[in-house]
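Counting from 1159, one number per residue, gives the positions in the sequence shown under my numbering.
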Amino acid sequence: MSPIFVILTIVSYLSILLLLSFGAGRGADNATFFIGNRRTKWPIATLAMIGAAMSGVTYISLPASVASDGFSYMQMVIGFTIGQFIVAFVLVPLFYRLKVVSLYEYLNDRFDNVTHRTGALCFLVSKLIGAALKLYIVCSVLQILIFDELNICFNLNVILTMLIVYLFTFKGGVRSLIITDVLQSLCLIASIAVAILFICKELGLSIKQTLEVVETSPYSQMYFFDDASSPRYFWKMVAGGALSLIAMTGLDQDMMQRNLSCSTKRDSQINIILTAVCQIAVILLFLVLGVLLYHYIDAKQLTMPAKSDDVFPMVAVQGGLPLIVGIMFITGLISSTYSAAGSALTSLTTSFTLDIIGGKRSDEQLTRLRRVVHLLMAVAMSVIIMLFAHFGSDSVINLVFKIAGYTYGPILGLFTFGLLSKRNVKERYVPIVVALSPVLSYLLQWAMAKYYNYYIGFELLGYNALFCIFGLLLISHKSYKNEKI
């Protein structure tokens, strides 16, 4: 697939993206930007959420992961589904009752301003670093496919990418995201379907034969009950999936802005439950595609890429499949990238404006402030991406990403303590508890692996939250700030 086809594909998609976002942003105000005026219908929100949960990294890495992890990710999906029900029937009613715009406003109502800003800061650090890293990985792919051929440096690649993300979220915010996420979801599903269809066609596989290939593949093992110390152990992944979903969706401003844009609590709950069902099907398709990609490489005797994440790009773009497969792969990659980056930018703007800066302002003053913050967040994300490119080795980048992931544990701990306890806390000590929780979690993970040969996997988030809850208990007292909550 030549660079000219890649460029034409990207330009065509971005033209549609910008047209949709500008149309959605017409007549937008602050309520539109932050929560879409709470006018989103649940069928649209559900379709938007399918793609919103997938970043460009997931799009590339999930099919490739079957070689090392089989279908074990479906164990996480079981946990995701449990987590979706908790979000739908515990958190959503709370957020609608309090009429919050930023989720972390709950922490101010339940505790006080220090805890509010500490929780919001955890989100900001994690989302800013995580979103920048995901965008960096995809920018690196685009650099190889396009920009190197045009002699355009990586920094300019990043600036152009962030400029587009900034433009399509500038006015409409969440309302624009909902529309563009629908487009992303359709492109994502279509790209998977097209890849599976043409791989099967190229190999002469019927539907029955395709199912047999997947079923008999050594990569298709789904459940792992044999080794409790393994990160792939069933109950560890289910627990990790549930905790991850609650923390990284239910308590994540980025993801919940879409859910809270629904007109009513009931619509939001319907959206979340249907999203869980659709997510099962989409992730299963990704894993099936992974098996077929490796089967195709073996059947065609292609050279296996050095990095597993290059398997899908290599087969789709250079594997001898029809041009449409490469076009759809690029479309899926670009759509997931810009949607994830756009939603991160919008949620960062919302949280920094309302949680960190705060204060009462007129609608006009809030609009000016929000636009300045939006631009600054875009610049900050661009700078971090460039720093990854110039100073970060793979080991350093992985460490930074893990550190960012640790910050969701304290958020989960803060909300859990607030919901399950009527005790208040000594505000000045909350940042210390929040800072220590990830450190203690890391030390626990290291010690268990070194001395007991037990590997803590995704359930680390739960230990992180427990350390935070225990710390909050130590600095708590009986008086309760707001009995209404």
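We put the CB at the ideal spot given by N, CA and C, even for glycine.
{"Query": "Local Cβ density within 10 Å of Phe1549, reported as buried at 16 or more and exposed below that", "Result": "exposed"}
{"Query": "Beta-bridge pairing of Val1583 - partner residues as DSSP gives them", "Result": "Ser1634"}
{"Query": "Three CB pairs or more closer than 8 angstroms across the stretch 1308-1317 and the stretch 1614-1627", "Result": "no"}
{"Query": "For Ile1643, three-class secondary structure by DSSP", "Result": "Any reading at Ile1643 must be qualified, since the residue scores a pLDDT of 46, below 50, and its modelled position is unreliable; the value itself is stated next. Correct three-state label for Ile1643: coil."}
{"Query": "3 or more residues per run - each beta strand (DSSP E) lying fully within the stretch 1217-1256", "Result": "none"}
{"Query": "Which of helix, strand or coil DSSP assigns to Cys1311", "Result": "coil"}
{"Query": "Ile1168 to Pro1471 span [Cα, whole Å]", "Result": "15 angstroms"}
{"Query": "Exposure label - Glu1370; buried when at least 16 CB within 10 Å", "Result": "exposed"}
{"Query": "Nearest residue (CA-CA) to Leu1223, options Glu1522, Gly1448, Ser1505, Pro1463", "Result": "The question names Leu, but residue 1223 in the sequence shown is Ser. Per the Cα distances, Gly1448."}
{"Query": "Selected residue, minimal CA-CA separation from Val1597, among Lys1285, Glu1522, Ser1579, Leu1619", "Result": "Leu1619"}
{"Query": "Residues near Arg1275 in its chain [Cβ-Cβ closer than 7 angstroms; skip 5 each side]", "Result": "Asp1513, Ile1514"}
{"Query": "Where the alpha helix (DSSP H) through Pro1568 begins and ends", "Result": "1566-1578"}
{"Query": "Chain-order list of residues whose beta-carbon lies under 7 angstroms from that of Ser1387 (same chain, five-residue window excluded)", "Result": "Asn1611, Tyr1612, Tyr1613"}
{"Query": "Phe1546 burial status per 10 Å Cβ neighbour count (16 or more: buried)", "Result": "buried"}
{"Query": "CA-to-CA distance, Asn1266 to Tyr1496, given in whole angstroms", "Result": "32 angstroms"}
{"Query": "For Met1535 and Lys1257, the rounded distance between their alpha carbons", "Result": "25 angstroms"}
{"Query": "8 angstroms contact criterion, which Val1245 and Gly1398 should meet: CB distance rounded", "Result": "Incorrect: roughly 16 angstroms between the Cβ atoms, too far for contact."}
{"Query": "Three CB pairs or more closer than 8 angstroms across the stretch 1402-1418 and the stretch 1238-1255", "Result": "yes"}
{"Query": "For Phe1238 and Trp1393, the rounded distance between their alpha carbons", "Result": "13 angstroms"}
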